[in-house]
Structures are given as C-alpha cells and as structure tokens.
Amino acid sequence: MIKIIKRNLLCLKNTKNLDEGTKLLYNPYKNIMNNLVLRATDKSSIDFDPVSRIFHGLESAPEELKHYYEALLGITSYYQASKGGRGKYIEKRFASVNATCILDFELSQLPIWLTLPKEFKKMKIYTQAELNKNEIKQLKQTGWIWKKTSGDIKSDLANIISIENEKRLVLLEIKNRTDSGGTAGRGEAWGQKFENLLKYLISNEKIFENNNNKFTLLEFLDKFKIKSLDMFLGILFNIGGKSATVEDDHKEGFYSTNKRDFGRIVQFISQNKDFFVIERLDDENLKMEFKIKTNNFKIRFGAIYGDEIPVILFGEKYPLTNLLILKYDDMWLGQLVAISERSFLLKYNKNHLTEIKRLLTKDILLKSKFDKLVSSEGSLETIKDILDYLTEKYGIDEIIKENLPEHYLSDVIQIFSTTLI
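Sequential numbering of the sequence shown, starting at 85, is according to the numbering used here.
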C-alpha cells in the first residue's frame, strides 16, 4: 500500500479563512508553486546555453547524476532568483497584526493616512490594484497638500497607538539581523530620517495645507491630537536566528555605528536648548526621551531589539517568534518534488506530473476528484481517493522505474493540486 503524508500547504487553503498576515503570503507562494510545476513539466522552461552547460559541468557530470544535477541547478536557480513577496514580507507581516499599523510610511502622506486610515492601510499592504474605484477616489480627494517639493521622510513601519489616553505616532526602521545593512544602512536611519524629522518638529515651516489653512508639522500633529512621537531603529534577529539583544549587537553587529550616530543626534538635541529639554538619556542602551519645550510634545528615539519591537510598535507584548514563524510545506516540498520530477522529465521525457496533466484532459472523473481535493483543502480522504484511482486504473506508480519514497506520489498529487486553484 502506498503511504500518504498529508502536507500543510498554504496554496491549498481557502483564502477567506486565512488571517491577514498569512494571506499576504498566498499570492507569492501561489506564483512560485505554479512556476515550479511548469519547470517540472516543460523541458523548454529552463534553458542552459552551451557556455553555461560547460561552466556548470552539465556535460561532465556522471551519467547516473547528470539529469538530477541539471534539474537541481535549474529549479534552485529559478527559486533563488524569484524575489516576489520576500522583500517586504516582514514589514507586511507586522502591519497586518495591528489595525492601525502601516508599512512604507511617508511624511508627505501622513494627512491621507490619518484622514482615511482603513483605505490607506489597504493600499499600503495590497497596492492600489486591490482598491475599488470609490476608495481610490477618496484617497485622491482628501484635500491635503504636501507643500514641499523635496525633503520627504520615509520609514519602514508606522503606527498610531494610545498610551494613557494620549495618541502616539510610532516610526520604525527595521533591520532583519544584527549584521543587516552595514554601517551605511544604519547611518541612513539615524541621520537622513530621525535627525531630519527632528528638524521638521522645531521648524516654523508650513509643510501641509488644507482648504487654504497651512500647518507646521507640530501644528498638524496637534490638530489630530497626537501628543508624542517614537522613532526607533529595530533589529529583529541575531546571526543565530533568535530574537536580537543589545548584547548580540555588541558581539556580532554594528553597535559601535549605532552608538556613534545616536551620540550625534543627542548632540544635535543638546545644541537646541531653546527647543528641547532632555528628560532621560540611556547612553548604553541607546535610548533617549525628551520633549519640545514650547508645548511639551514628547519624543523618544533610539535602538530596540527583538521582542522590544512589538512592544514599541503595538504598545503591547507580542513574542517575535509568534509573529514570524510559519509552518507551511509549500516551498521546501515544492522544490524537492520539482527537482525530482524535472530530472525524470530530462531522463524519460515524462514524469508523474506530465502524466497527471495529460490524464486530466480526457478523464472527467479524475478532474472531479481533484476538484474535491481542492475544495476540501487537501483532505487525506481525497488524496487517497486520487492516489488509488491513478494507480489502479492507470498504473501511474509504474511509469518511472526508480526507487522512490513511499509517500512520493501523494506529495506529487498535493503539489500539483496547488496549481488548480
């Protein structure tokens, strides 16, 4: 009897039942799975020119490994080159946890965000393509104007939280690991973003306009009852993949760069005594709290690590591991199946996937069985039903004369099913 292991595949889930953070992964995963199956069923989908074949050793590999090596190289090359969905995943995951959190903050868009928070958040996470015509129209007609032609300030994440009945604007720059971005990446956050934003806060320049009424940044924040600001550089993980700490940054990161740039901003604040009154300074942990003297507007800035990040961003504890760990099998299983199936394709001009695709074009009953598998989100019973049908009627377990893991065909069926939705 052929063994079956039911895999946990995101691309077989009904998106209506997914939380927002997981839903963000669905389209990137789906695109990758479709392309993996394509490359496992179409020889021409991966092409190595003669020079590449020589350079990669495709012609000199032992005959018993040649096709597997070529399949391995082709599938992994595609996967590593596919960046869709990865670059912004962390920011999108954070933004999806909290109703008011957004990614890709721009100071010029602050009025639009505060005026239409739900529509603006939707656009930031899913792009304008996911908005309806009315939402697009509303976002374009808020009446707010950014008065400057340059000098915009951006941040990876932003949120509006309430602390002791006061609204606080939180801006966060994210680095994935203690060694991410180098000195240049951290310097940009401290200097071009944090320091420039402080300059806006003490400036009398009117940077926003609405119905001929003009506002400085402080006046604008006061209008929306925002009484304080957090600006932090957040470092998620250490090199070992655990929640980062300031001690990790000392040992394996760029703490010295952080401290240098932090000190420069402290000096900038100290030299503007007419505008700032320092309340608290933690020079070792790179945190500072102060306020603007004229209206007691409170500001905190500095570096935060690991599990500190959700506390600052959301105003509550939220373990980083709970936020970021995913337990789906699509990526690792999809690649392994695609490598094996492509090696068979190169060797025999057919494989289990090509046979299933061929049979689906002529067998209505088989198609209905796959439809049930998809609608059941890959239930064990439907997988078994298809596997029994394919082996008993078509002998699909005999088309490739090689030793395969007992559960291999059930994995092939599940991976192929992800492309049918």
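The beta-carbon is built from N, C-alpha and C at its ideal position, and this holds for glycine as well. Note that the coordinates shown come from a computational prediction; the quantities given were computed from them, not determined experimentally.
Three-state secondary structure (DSSP) at D306? Taking the first residue of the sequence shown as position 1, residue 306 is located at position 222. Of the three classes helix, strand and coil, the one that applies to D306 here is helix, per DSSP.
Three or more beta-carbon pairs under 8 Å between the stretch 374-383 and the stretch 286-306, yes or no? yes
Would you give the residue range spanned by the alpha helix (DSSP H) that R426 belongs to? Taking the first residue of the sequence shown as 1, we reach residue 426 at position 342. For R426, the enclosing alpha helix (DSSP H) starts and ends at D414 to Y432.
Report the three-state DSSP secondary structure of Y402 (helix, strand or coil). One-based indexing of the sequence shown puts residue 402 at position 318. Reduced to three states, the DSSP call for Y402 is coil.
Can you give me the Cβ contacts of L504 inside the same chain, cut-off strictly under 7 Å, excluding the 5 residues immediately before and after it? For the purposes of this step, residue 504 is taken as residue 420 along the sequence shown, with counting starting at 1. Answer for L504: F454 and V458, listed in chain order.
Would you list, in sequence order, the uninterrupted beta strand (DSSP E) runs of no fewer than 3 residues that lie entirely inside the stretch 217-292? DSSP runs (the beta strand (DSSP E)) wholly in the stretch 217-292: 228-230, 238-247 and 250-261.
For S327, which residues of its own chain have a beta-carbon under 6 Å away from its beta-carbon, when the five flanking residues on both sides are left out? Start at 1 with the first residue of the sequence shown, and residue 327 comes out as number 243. The beta carbon of S327 is closer than 6 Å to those of G390, D391 and L404 in its chain, skipping five residues each way along the sequence.
Is the beta carbon of I349 sitting closer than 9 Å to the one on W274? The residue given as residue 349 occupies position 265 in the sequence shown. The residue given as residue 274 occupies position 190 in the sequence shown. In this structure, W274 lies closer than 9 Å to I349 by Cβ.
Could you give the distance in angstroms between the alpha-carbon of I483 and the alpha-carbon of T438? As a first step, residue 483 must be located in the sequence shown, where it is residue number 399. As a first step, residue 438 must be located in the sequence shown, where it is residue number 354. Cα-Cα distance, rounded: 11 Å.
Please check the pair M315 and L285, which I expect to be a contact at CB under 8 Å, by giving their CB distance rounded to whole angstroms. In the sequence shown, residue 315 corresponds to position 231, counting from 1. In the sequence shown, residue 285 corresponds to position 201, counting from 1. Here M315 is actually not in contact with L285; their C-beta atoms are around 10 Å apart, not less than 8 Å.
From what residue to what residue does the alpha helix (DSSP H) around G462 run? As a working note, residue 462 is residue 378 in the sequence shown. Neither: G462 is in no alpha helix (DSSP H) and is coded neither H nor E.
Among D263, G347 and L313, nearest to N322 - alpha-carbon criterion: Residue numbering aside, residue 322 sits at position 238 when the sequence shown is read from its first letter. It is D263.
According to DSSP, what are the bridge partners of N98? Your numbering for residue 98 matches position 14 in the sequence shown. Its beta-bridge partners do not exist; DSSP assigns none.
How would you label R123, buried or exposed, when you count the other beta carbons within 10 angstroms and need 16 or more for buried? Against the sequence shown, residue 123 aligns to sequence position 39. Per the 10 Å Cβ criterion, buried.
If you check the beta carbons only, do L408 and C185 fall under 9 Å apart? Numbered from its first residue, the sequence shown carries residue 408 at position 324. Numbered from its first residue, the sequence shown carries residue 185 at position 101. No; because the gap between Cβ atoms is not below 9 Å, this pair is not in contact.
State the Cα-Cα distance for the pair V135 and I116, rounded to the nearest angstrom. For the purposes of this step, residue 135 is taken as residue 51 along the sequence shown, with counting starting at 1. For the purposes of this step, residue 116 is taken as residue 32 along the sequence shown, with counting starting at 1. Distance between the alpha carbons of V135 and I116: 27 Å.
Between which two residues does the alpha helix (DSSP H) holding N115 run? Against the sequence shown, residue 115 aligns to sequence position 31. The continuous alpha helix (DSSP H) containing N115 extends over residues E104 to T125.
Apart from the five residues just before and just after E250, which ones in its own chain have a Cβ nearer than 7 Å to its Cβ? Taking the first residue of the sequence shown as 1, we reach residue 250 at position 166. Shown here for E250: same chain residues with a beta carbon closer than 7 Å to its own, the five before and five after excluded, namely K311 and S312 in chain order.
According to DSSP, residues forming a beta bridge with Y389: For the purposes of this step, residue 389 is taken as residue 305 along the sequence shown, with counting starting at 1. In the DSSP assignment, the residues bridged to Y389 are I319.
Taking the CB atoms as reference points, tell me whether T99 and Y110 lie closer together than 9 Å. If you number the sequence shown from 1, residue 99 lands on position 15. If you number the sequence shown from 1, residue 110 lands on position 26. A contact, by the Cβ cut-off of 9 Å.
Please classify W416 as buried or exposed, where buried requires at least 16 other C-beta atoms within 10 Å of its C-beta. Here residue 416 corresponds to residue number 332 of the sequence shown, with the count starting at 1. Note on W416: under 16 other CB atoms within 10 angstroms of its CB, so exposed under the neighbour-count rule.
My assumption, with CB atoms under 8 Å, is that I423 sits in contact with I159. Please give the rounded CB distance. On the sequence shown, residue 423 is found 339 positions in, with the first residue counted as 1. On the sequence shown, residue 159 is found 75 positions in, with the first residue counted as 1. That pair is a contact at about 5 Å.
Give me the Cα-Cα distance between I376 and K283, rounded to the nearest whole angstrom. Taking the first residue of the sequence shown as position 1, residue 376 is located at position 292. Taking the first residue of the sequence shown as position 1, residue 283 is located at position 199. Distance between the alpha carbons of I376 and K283 is about 12 Å.
Quick check: the Cα distance between L449 and A145, rounded to an integer number of angstroms? For the purposes of this step, residue 449 is identified with residue 365 of the sequence shown, where counting begins at 1. For the purposes of this step, residue 145 is identified with residue 61 of the sequence shown, where counting begins at 1. Distance between the alpha carbons of L449 and A145: 43 Å.
Do N260 and L320 have their CB atoms nearer than 9 Å? Here residue 260 corresponds to residue number 176 of the sequence shown, with the count starting at 1. Here residue 320 corresponds to residue number 236 of the sequence shown, with the count starting at 1. Yes, the pair counts as a contact, with Cβ atoms nearer than the cut-off.
Taking buried to mean at least 16 other C-beta atoms within 10 Å of its own C-beta, is A155 buried or exposed? Residue mapping note: residue 155 aligns to position 71 of the sequence shown, counting from 1. So A155 ends up on the buried side.
For G418 and L120, which I take to be in contact (beta-carbon distance under 8 Å), what is that distance rounded to the nearest angstrom? As a working mapping, residue 418 is identified with position 334 in the sequence shown. As a working mapping, residue 120 is identified with position 36 in the sequence shown. About 5 Å; that satisfies the 8 Å criterion.
Among K401, S494 and T300, whose alpha-carbon lies nearest the alpha-carbon of T466? As a first step, residue 466 is located in the sequence shown; it is residue number 382 there, counting from the start. T466 has its Cα closest to that of S494, out of K401, S494 and T300.
I'd like the span of the beta strand (DSSP E) that includes R170, first residue to last. As a working mapping, residue 170 is identified with position 86 in the sequence shown. Where R170 is concerned, there is no enclosing beta strand (DSSP E), given that its DSSP letter is neither H nor E.
Look up I383 in the DSSP assignment and say whether it is helix, strand or coil. The count along the sequence shown starts at 1 and reaches residue 383 at position 299. Reduced to three states, the DSSP call for I383 is strand.
Supposed close pair R270, D345 - CB separation, criterion 8 Å: Sequence index remark: in the sequence shown, residue 270 carries index 186 (1-based). Sequence index remark: in the sequence shown, residue 345 carries index 261 (1-based). Their Cβ separation, rounded to whole angstroms, is 7 Å, which keeps R270 and D345 in contact under 8 Å.
May I ask which residues mark the beginning and end of the beta strand (DSSP E) holding I510? With the chain represented from 85 up to 505, any question about residue 510 goes unanswered, as that position is not in the structure.
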